[in-house]
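Student: Supplied in structure tokens, the structure appears directly below.
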Amino acid sequence: MNAFELLTLIKSRRTCYQFSDRPVEFAELDNCLEAAIWAPNHKLTQPWRFWVVSEAQQKALAETYAKLRAESRAEPNSENYQMIYDAAVEKFLKIPKMVLVGQVLADDELVRKEDYAACSCAIQNFQLMAWQMGMGVQWSTGPIIKDNHTYQQINADSQQIELIGVLYMGHLKGDCSTQNGKRKPLSEVVFGL
Ligand SMILES: Cc1cc2nc3c(=O)[nH]c(=O)nc-3n(C[C@H](O)[C@H](O)[C@H](O)COP(=O)(O)O)c2cc1C
Numbered sequence: 005m006n007a008f009e010l011l012t013l014i015k016s017r018r019t020c021y022q023f024s025d026r027p028v029e030f031a032e033l034d035n036c037l038e039a040a041i042w043a044p045n046h047k048l049t050q051p052w053r054f055w056v057v058s059e060a061q062q063k064a065l066a067e068t069y070a071k072l073r074a075e076s077r078a079e080p081n082s083e084n085y086q087m088i089y090d091a092a093v094e095k096f097l098k099i100p101k102m103v104l105v106g107q108v109l110a111d112d113e114l115v116r117k118e119d120y121a122a123c124s125c126a127i128q129n130f131q132l133m134a135w136q137m138g139m140g141v142q143w144s145t146g147p148i149i150k151d152n153h154t155y156q157q158i159n160a161d162s163q164q165i166e167l168i169g170v171l172y173m174g175h176l177k178g179d180c181s182t183q184n185g186k187r188k189p190l191s192e193v194v195f196g197l
């Protein structure tokens with residue numbers, strides 16, 4: 005891959021919110037995770053952990069997702085609550101694959117900050133690899149990653165691990181390249197070039 009192709013890959017990647025029904029193959033996911041763990045990380049702390057969500061876990065997480073969504077939008081026990089809940093379950097179960105990303109929590113504050121940066125780099129590597137293979141990813145920091153039920157589902161201790169994202173992924177459906185495809189020009193954000 006030459007410099008132009010790499011830049012094109014980086015620039016063309018977009019966050020995706022809709023996916024086709026085509027399943028994500030093991031080898032595809034494996035490539036994304038392999039790319040992720042080669043991210044830079046200070047002192048080789050390798051602070052990232054990944055949980056590939058199983059079908060059973062996705063069903064359980066769908067309930068947590070739907071509950072949190074309905075609670076934030078409607079009165080409990082109302083008809084509206086139930087409608088939002090049901091639609092949210094349906095939406096969540098349609099996502100072909102999801103991966104929870106956690107950061108191992110270091111005691112030292114500076115190390116934690118650097119580790120979050122490293123985990124972010126890992127996620128970007130993951131997203132770029134997915135994009136190169138015709139898949140899209142949405143890095144979500146929505147409320148399910150803060151919820152105790154999510155930690156319980158993957159048997160993670162929130163004292164030791166902080167979930168920093170859930171990566172919703174699948175093969176592309178339609179064109180997500182027009183969404184969010186805007187950046188300030190270099191002249192506004194770079195000084196001295
Ligand atoms: C730390 C972080 C958290 C994010 N959380 C969310 C989120 O909760 N929901 C969402 O739809 N997108 C989320 N995103 C994706 C951004 O909204 C997206 O990257 C931005 O709109 C630019 O679009 P692009 O990725 O297509 O370039 C997050 C991105 C980052 C880096």
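Numbering-wise, the numbering used here comes out as the position in the sequence shown, counting from 1, plus 4. Every residue gets a Cβ at the ideal spot worked out from N, C-alpha and C, and that includes glycine. Bear in mind the structure is a predicted one, so any value in this text is a computation, not a measurement.
#1: Under the assumption that G174 contacts G140 (Cβ atoms under 8 angstroms), give the Cβ distance between them as a whole number of angstroms.
#2: What does the Cβ neighbour count give for E83, buried or exposed, with the cut at 16 atoms within 10 Å?
#3: Check whether the stretch 104-111 and the stretch 48-64 are in contact - that is, three or more C-beta pairs closer than 8 angstroms.
#4: Can you tell me where the alpha helix (DSSP H) with S16 in it begins and where it stops?
#5: With three or more C-beta pairs closer than 8 angstroms as the rule, is the stretch 6-15 touching the stretch 155-170?
#6: Around the C-beta of W135, are 16 or more other C-beta atoms found within 10 angstroms, so that it is buried, or is it exposed?
#7: From K177, S181, R116, L197, pick the residue whose C-alpha is nearest to that of K98; which is it?
#8: Could you tell me whether any non-hydrogen atom of ligand 1 is closer than 7 angstroms to the CB of N35?
#9: To which residues of the same chain is C36 closer than 7 angstroms at the C-beta, ignoring the five residues directly before and after it?
#10: For S144, name the three-state secondary structure that DSSP assigns.
#11: Going by the beta-carbon positions, is the gap between F96 and Y120 smaller than 8 angstroms?
#12: Between which two residues does the beta strand (DSSP E) holding I165 run?
#13: Alpha carbons only, please: which of A31, E94, Q61, V56 is nearest the one belonging to R73?
#14: Confirm, please, whether the CB-CB distance from M102 to L224 is below 8 angstroms.
#15: Could you name the residues that DSSP lists as bridge partners for Q107?
Tutor: Based on what the coordinates show:
#1: 7 angstroms
#2: exposed
#3: yes
#4: 7-16
#5: no
#6: buried
#7: K177
#8: no
#9: F130, M133, A134
#10: strand
#11: no
#12: 165-175
#13: E94
#14: With the chain covering only 5 through 197, there is no way to say anything about residue 224.
#15: Answer is W52, E166, bridged to Q107.
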